[in-house]
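Visitor:
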Amino acid sequence: KWPGFVLTKEGEDFVEQSANLSKYDLLFNPLRFESWRRLANIYDEEVDLLLNDGSKNINVTGWRKNALLPQRVETSRRRSRRCLLMSLALAKTSEQQSEIHELLALVYYDGIQRVVPFYDQRSVAPTKDTLWMMFCKNSKKHFEKAFAQRQDWSHAFYLGKLCEKLGCSPELSFSYYDKAIDLNPSAVDAIYRMHASRLKLLYTSQRKNVEVLKVVAA
1 KWPGFVLTKE GEDFVEQSAN LSKYDLLFNP LRFESWRRLA NIYDEEVDLL
51 LNDGSKNINV TGWRKNALLP QRVETSRRRS RRCLLMSLAL AKTSEQQSEI
101 HELLALVYYD GIQRVVPFYD QRSVAPTKDT LWMMFCKNSK KHFEKAFAQR
151 QDWSHAFYLG KLCEKLGCSP ELSFSYYDKA IDLNPSAVDA IYRMHASRLK
201 LLYTSQRKNV EVLKVVAA
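Residues in the sequence shown are numbered consecutively from 1, following the UniProt record's numbering.
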């Protein structure tokens, strides 16, 4: 397929044809974990391709004026979440449960990110409304469950970021960044986020709050 194929009607039809194979299997095997997992992956990949190709071919203004493409993204995100929730209900092993919790957390997190082509990170930003808050809480809940079953540094990293978004105490956010760094000392993301969050806290407190200084110095 050519670059930008997924943005076309042909691309939409191709995704639907791929999804129909799993849907057909689920008609006869509605409790098959692998089929729900595979269907969720098809929708998740469609979202990734739409956002990736959309950011390369359409600016933010053009994207927001297009009624179809943003709707396709939201529809596939919703379908992916539903398929993953079915997969979670059918998961038999702790490994499967951990995997699905992680994927659900990432799908919810994807819905709150300030990324192109939805946002330009300048004048256009997401509204932190009830839906945004719900996505944050759901993402945090699933990352917590995934982390409880398999301690991966990325789980702790995302939990730290979500705690910041939800307005939790700085101590809690920093504790997750510390865990992420301990689990993977070579992960630059966690180290950068820790320092950036400390600087932001110092800046917003104007360096006059003794308790803030203690938190940053810890």
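All residues carry an ideal CB built from backbone N, CA and C; glycine is no exception.
Once you ignore the five residues that flank Met133 on each side, which residues in its own chain have a CB closer than 6 Å to its CB?
Guide: No residues qualify anywhere along the chain.
Visitor: How close, in whole Å, do the beta carbons of Val15 and Glu46 come, if the pair is a contact with beta carbons under 8 Å?
Guide: Between Glu46 and Val15 the Cβ distance is about 5 Å, and since that is below 8 Å, they are a contact.
Visitor: Can you give me the Cβ contacts of Leu104 inside the same chain, cut-off strictly under 6 Å, excluding the 5 residues immediately before and after it?
Guide: Excluding sequence neighbours, Leu104 sits near Leu84, His142.
Visitor: Since Phe28 is in the alpha helix (DSSP H), which residue starts that stretch and which ends it?
Guide: Per DSSP, Phe28 belongs to the alpha helix (DSSP H) from 9 to 28.
Visitor: Check each candidate in Ser55, Phe147, Ile191 and name the one with the smallest Cα separation from Pro117.
Guide: Comparing Cα-Cα distances from Pro117 to each of Ser55, Phe147, Ile191, the minimum goes to Ser55.
Visitor: Over what stretch of residues does the alpha helix (DSSP H) that includes Thr130 continue unbroken?
Guide: Start and end: 130 to 149.
Visitor: Can you check which of these residues, Asp129, Pro126, Gly160, Gly4, is closest to Lys140 by C-alpha distance?
Guide: Considering only alpha carbons, the answer is Gly160.
Visitor: Thinking just about the alpha-carbon of each residue, which of Thr127, His101, Trp63 is nearest to the one in Ser80?
Guide: With distances taken between Cα atoms, Ser80 lies closest to His101.
Visitor: Going by DSSP, what residue range makes up the alpha helix (DSSP H) through Leu154?
Guide: Reading the sequence as shown, one finds Ser at residue 154 and not Leu. Note, Ser154: alpha helix (DSSP H), 153 to 165.
Visitor: Can you give the Cα-Cα distance for Leu201 and Asp110, rounded to whole angstroms?
Guide: Between Leu201 and Asp110, the C-alpha separation is close to 25 Å.
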